[in-house]
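Structure first, commentary second.
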């Protein structure tokens, strides 16, 4: 069973590029590294592997269709980077297997991955040819694992545009395509949505993502990649966890892989405040006299990039650890609603007392979504009830 991969869920999965978190003396339920970053820092990957209960290698095969990304020095070192012709991927099954599917899987095995992620491409919508190709490559990955007797859990990466989330018919279609016929072979899903900033996205769109996550979670494990604090909300609803960089990399934009953004820099003067589910400028933090008692802050507040990264990691791991102690979705949802209520009151108080520009609209939207999802039936509970009723009927007869 896939759940045996973790002693508890939901979890937070750090996405890392170096070995810094390996130096903190912690053991992580899972860590994810992009395959081209492992090519860049293989020694760092070894250190991360040693502190991870589950080491995940993202094959980043979606780079193949992105101009700047596929020309990266380290990506070119991957076994499929120079051998894939886009036109042949669609039309030649043998070429696709030999040049992408098999090298992709073998590369993950070589790098010590505990699970396998089937090769995938970004598809803006379900009518995109690449969406159907992803389903085909998932089937081909299953066949290769069977023939080679590779006993590793297989996960599918669902990488689509945010426009699909506002259409329930399309959401249901995605669920059907990734579940029907794959019940025994696909152990779980990673979901990554293009250009999704959950603090700015409309409530209706986020509700669509919640529905996608919830329905898939009724069948298998579901993790959301490249997402911020809304990942905690989704984890309360049914996700097995979520993944992001440490205080950065919480949104993926395909256009930045096509052409690298100019003038990009880290937001070194902002700090993540979990009590607000948001980042706050350091000048504002001084004004409101915010303090944190995590190991990185020790009753003060993180002041440099390294300590801010550690603060982010410690607080996010702590939040997810608390969330995992609740045995039911109802309890997790109520816990998260309470946190959001406190965040709304706290932000409002800061704004009133100090004239702070803290945002609250996304907190209200997230709370509304949690309240709405309380009406969703849990298929696992329904199945158990049906089984009990069936046993009762047999007894009566």
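Numbering (this note's numbering), first residue to last: 43 to 439.
Glycine included, C-beta positions come from ideal geometry on N, C-alpha and C.
Query: Residue 122 - DSSP class collapsed to helix/strand/coil; Result: coil
Query: Separation of residue 203 from residue 107, as counted between CA atoms; Result: 15 Å
Query: Closest Cα partner of residue 383 within the set 405, 120, 207 and 334; Result: 405
Query: Residue 314 - DSSP class collapsed to helix/strand/coil; Result: strand
Query: Residue 141 classed as buried or exposed, judged by whether at least 16 other C-beta atoms fall within 10 angstroms; Result: buried
Query: Beta-carbon proximity check, residue 205 vs residue 239, cutoff 8 Å; Result: no
Query: Exposure label - residue 399; buried when at least 16 CB within 10 Å; Result: exposed
Query: Beta-bridge partners of residue 378, as assigned by DSSP; Result: None; residue 378 has no bridge partner.
Query: Presumed contact (8 Å Cβ cut-off) between residue 324 and residue 311, rounded CB distance; Result: 5 Å
Query: Residues near residue 302 in its chain [Cβ-Cβ closer than 6 Å; skip 5 each side]; Result: 110
Query: heavy atom of the ligand PLP below 7 Å from residue 268 C-beta; Result: This structure lacks the ligand PLP, and indeed carries no ligand of any kind.
Query: Which of helix, strand or coil DSSP assigns to residue 354; Result: helix
Query: Identified DSSP bridge partners for residue 201; Result: 234
Query: Environment of residue 344 [buried if 16+ CB atoms lie within 10 Å]; Result: buried
Query: Which of helix, strand or coil DSSP assigns to residue 49; Result: coil
Query: Neighbourhood of residue 326 by C-beta distance below 6 Å, restricted to the same chain and skipping five residues each side; Result: 398
Query: Validate contact between the stretch 216-227 and the stretch 170-189 using beta carbons, cut 8 Å, 3 pairs; Result: yes
Query: 8 Å Cβ cutoff met for residue 473 and residue 56; Result: What is shown of the chain runs 43 to 439, which leaves residue 473 out entirely.
Query: As assigned by DSSP and simplified to three states, the class of residue 396; Result: helix
Query: Coil, strand or helix - residue 162 by DSSP; Result: coil
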